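Engineer:
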Amino acid sequence: MTAIQTLHILNKSPDHPRAARCLEIMSAEDGLLLIGGGVLLLATGNLPGAGKVFALSPDVDARGLRQLTGDASVVDFPEMVALSLQAQRVISW
Amino acid sequence: MSTLIMIDQPPYGAWSGREALDMAFSLAAFDQPASLLFTGAGVNWLRQAQEASGIGQKSVEKNLSAAPIFGIEAILADRAACNTYSLDESSLIEGVTLVDVKTALLTGYHHTAFAG
């Protein structure tokens, strides 16, 4: 598994200004982990073109988005911890 | 005196949406005409097959299913916002009417209030 430079943990829904800012500064070596209301990005189909995208399983299921995950990888809590350890740095938006 | 309660916040992140729902249900229970309008990220309240036990909550879908019992006049959803969040007739819960949110819609109510 290639290392992630920066893991962006986004819990804001797509209409929050911070969500747009997060996607703006994300680069190809980064990872985006969607949690809480952040998983609603999956429904908009506007996933970032560069970098890997992950979404937290219980939050995806709570919002009924299991069919709309697209290219994102659905992860559980232990995998979320592993991702944060694997990343060089983490930004919690 | 008809009231329109607007919910523009996504489900589960905060309590304001559920509080607005309680307010609408209370109005309806006391025979005050009330309708709900979901806009922006708020339309995600209306998606089928929400399974919220994993985050320790009840699904808001179940809350909303009580709306006709309390006598809520209409559950309205902003068509443009539904498009943004990939929601259509096949993925929306039952009893939702798609509307275009324009001034004409809001002038039909004596009072419009946002949740939160």
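Read top to bottom, the protein sequences are chains F and L.
The first sequence begins at 39 in my numbering and counts up one residue at a time.
The second sequence begins at -6 in my numbering and counts up one residue at a time.
Glycine included, C-beta positions come from ideal geometry on N, C-alpha and C.
Quick caveat: nothing in here was measured; it's all calculated off a predicted structure.
1. Is the CB-CB distance between A70 of chain L and L39 of chain L below 7 Å?
2. On the premise that G74 of chain F lies in contact with G89 of chain F, defined as a C-beta separation below 8 Å, what is that separation, rounded to the nearest angstrom?
3. By the 10 Å Cβ neighbour count, where 16 or more other Cβ atoms means buried, how is D24 of chain L classified, buried or exposed?
4. Does DSSP put A57 of chain F in a helix, in a strand, or in coil?
5. Tell me G69 of chain F's beta-bridge partners as DSSP assigns them.
6. Over what stretch of residues does the beta strand (DSSP E) that includes L80 of chain L continue unbroken?
7. Quick one: give me the first and last residue of the alpha helix (DSSP H) that F63 of chain L is part of.
8. Leaving out five residues before and five after S111 of chain F in sequence, what residues of the same chain have Cβ atoms less than 6 Å from its Cβ?
9. Near Y78 of chain L, what residues of its chain come up, given a Cβ to Cβ distance below 7 Å and the 5 sequence neighbours on each side ignored?
10. Taking the Cβ atom as the reference point for each residue, do I0 of chain L and A17 of chain L lie within a distance shorter than 7 Å?
11. Would G76 of chain F pass as an interface residue toward chain L - the criterion being a Cβ-Cβ separation below 7 Å?
12. Indicate whether at least one CB of chain L lies closer than 7 Å to the CB of G102 of chain F.
13. Residues of chain F with CB closer than 7 Å to the CB of I48 of chain L, please, in chain order.
14. Grab me the residues of K51 of chain L's own chain with a C-beta within less than 8 Å of its C-beta, minus the 5 sequence neighbours each way, in chain order.
15. Taking L106 of chain F as the query, report the chain L residues whose CB atoms sit under 7 Å from its CB, ordered along the chain.
16. Check the Cβ of P52 of chain F against every Cβ in chain L and list those closer than 7 Å, keeping chain order.
17. On the DSSP bridge list, what partners appear for M118 of chain F?
18. Would you identify the three-state DSSP class for A97 of chain L, choosing helix, strand or coil?
19. Consider the Cβ of A81 of chain F: report whether some Cβ of chain L lies at a distance smaller than 7 Å.
Structural biologist: Short version:
1. Their beta carbons are under 7 Å apart, which means A70 of chain L touches L39 of chain L by this criterion.
2. 19 Å between Cβ atoms; not a contact.
3. Of the residues assessed, D24 of chain L falls on the exposed side of the cut-off, its CB having fewer than 16 other CB atoms within 10 angstroms.
4. Of the three classes helix, strand and coil, the one that applies to A57 of chain F here is helix, per DSSP.
5. Partner(s): F:L45 and F:K90.
6. If you look at L80 of chain L, you'll find it isn't in any beta strand (DSSP E); DSSP assigns it neither H nor E.
7. F63 of chain L -> alpha helix (DSSP H) spans A60 to F63.
8. If we look at S111 of chain F and ignore the five residues flanking it on each side, its Cβ neighbours are F92.
9. Result list for Y78 of chain L: V36 and N37, in chain order.
10. Cβ atoms of I0 of chain L and A17 of chain L: not closer than 7 Å.
11. Any Cβ of chain L closer than 7 Å to the Cβ of G76 of chain F would place that residue at the interface, and such an atom is absent.
12. Yes, G102 of chain F counts as interfacial toward chain L.
13. The CB of I48 of chain L comes closer than 7 Å to the CB of P96, D97 and A100 in chain F, given here in chain order.
14. For K51 of chain L, where only same-chain residues beyond five positions count, the Cβ hits under 8 Å are A45.
15. By Cβ distance, chain L contributes S79.
16. For P52 of chain F, the chain L residues whose Cβ falls inside 7 Å of its Cβ are A34, in order along the chain.
17. Partner(s): none; M118 of chain F has no beta bridge.
18. Judged by DSSP in its simplified three-state form, A97 of chain L adopts helix.
19. The beta carbon of A81 of chain F sits closer than 7 Å to some beta carbon of chain L.
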